[in-house]
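Be aware that the sequence shown starts at 28, since it is given in my numbering, and climbs by one per residue.
From the three backbone atoms N, C-alpha and C, an ideal C-beta is built for every residue, glycine too.
See below for the structure under consideration.
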Amino acid sequence: MLIEHKKEKLQWGALDLGLFGLEKDWYGEKLTTPAGFGLAMDDSYLWFVTTRREPAALHPKARPGEFTPELWKYDTAELFISHPPSGRYLELNLASNGAWWSAEFTAPRVRASEEEIPVPGLHTFGELSPDGSWLAAAAIPLDVLRARLDFGPESAMNVTFIVDSPEQKFLTAAPALEGEPDFHRPELFQPVRIVDGGLTFDQTAPEPSA
Numbered sequence: 028m029l030i031e032h033k034k035e036k037l038q039w040g041a042l043d044l045g046l047f048g049l050e051k052d053w054y055g056e057k058l059t060t061p062a063g064f065g066l067a068m069d070d071s072y073l074w075f076v077t078t079r080r081e082p083a084a085l086h087p088k089a090r091p092g093e094f095t096p097e098l099w100k101y102d103t104a105e106l107f108i109s110h111p112p113s114g115r116y117l118e119l120n121l122a123s124n125g126a127w128w129s130a131e132f133t134a135p136r137v138r139a140s141e142e143e144i145p146v147p148g149l150h151t152f153g154e155l156s157p158d159g160s161w162l163a164a165a166a167i168p169l170d171v172l173r174a175r176l177d178f179g180p181e182s183a184m185n186v187t188f189i190v191d192s193p194e195q196k197f198l199t200a201a202p203a204l205e206g207e208p209d210f211h212r213p214e215l216f217q218p219v220r221i222v223d224g225g226l227t228f229d230q231t232a233p234e235p236s237a
């Protein structure tokens with residue numbers, strides 16, 4: 028999973044990073060409208076940027092920048108970051124308007140705490156266009172990721188989407204596995220590759236599945 032490492036401070040409204048397109052769902056069916064995402068980091072934050080040129084079905088309680096449980100019942104982008112040696116991982120849900128939710132897990136679907144504990148210092152942003160297209164981003168403090176997940180080159184990640192609710196289609200950046208859609212499968216997570224500066228065409232090309 029490629030992450031652009033930027034020397035300059037990243038800011039909402041002036042983000043310059045490559046985007047990956049997801050054109051098929053979990054079952055390999057082609058989407059009418061692809062979803063896109065990008066990952067970048069500066070000295071302080073890991074940025075998760077998501078977009079789609081299609082209206083998103085928002086959770087009724089989703090408010091810009093607010094922590095909102097159960098976003099996955101509607102359209103949402105999801106970021107998974109794991110610490111492979113321990114099996115611990117973070118799940119972040121990001122709605123098109125910047126509403127978000129997070130939880131840490133000690134094993135697949137085993138919450139580290141039943142309490143809702145938002146990631147401290149996390150910032151989100153969302154921009155909705157009149158035609159229904161949207162762009163959203165989350166900036167996650169690197170010091171928190173390092174303290175909780177020892178985040179770095181040994182980490183593993185995946186980016187997923189739930190779109191077209193209420194029917195719901197499930198998208199994954201990593202190659203999908205057999206069976207029903209299930210994003211909580213650590214074997215789905217891909218090793219992190221941190222690349223200085225911008226991405227080249229060859230680097231943004233999809234990696235072949237193992």
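Between the alpha carbons of Ser160 and Ser140 lies a distance of about 35 Å. The beta carbon of Met68 lies closer than 6 Å to those of Ile30 and His32 in the same chain, with the five residues before and after it left out. The beta carbon of Leu46 is closer than 6 Å to those of Gly63 and Gly65 in its chain, skipping five residues each way along the sequence. With a contact defined as Cβ atoms closer than 8 Å, Ala183 and Leu42 miss out at about 24 Å. Shown here for Glu56: not one same chain residue has a beta carbon closer than 6 Å to its own, the five before and five after excluded.
Put simply, the stretch 212-227 does not touch the stretch 143-152. Fewer than three CB pairs are less than 8 Å apart. Per DSSP, reduced to three states, the secondary structure at Glu214 is helical. Secondary structure of Arg175 (DSSP, three-state): helix. Here Thr133 is not near Gly153, since their CB atoms are 8 Å or more apart. Under the DSSP assignment, Met184 falls in the beta strand (DSSP E) whose first and last residues are Ala183 to Val190. Between the stretch 76-85 and the stretch 98-116 there are three or more inter-stretch CB-CB distances shorter than 8 Å, so the stretches are counted as touching.
Here Ala203 is not near Trp74, since their CB atoms are 8 Å or more apart. Contact check for Asn185 against Ala200 passes: the beta carbons are separated by less than 8 Å. Judged by DSSP in its simplified three-state form, Lys33 adopts coil rather than helix or strand. Relative to the Cα of His110, the nearest Cα in the group Asp223, Val219 and Glu205 belongs to Val219. With a cutoff of 8 Å on beta-carbon distance, Gly48 and Pro61 are scored as near each other.
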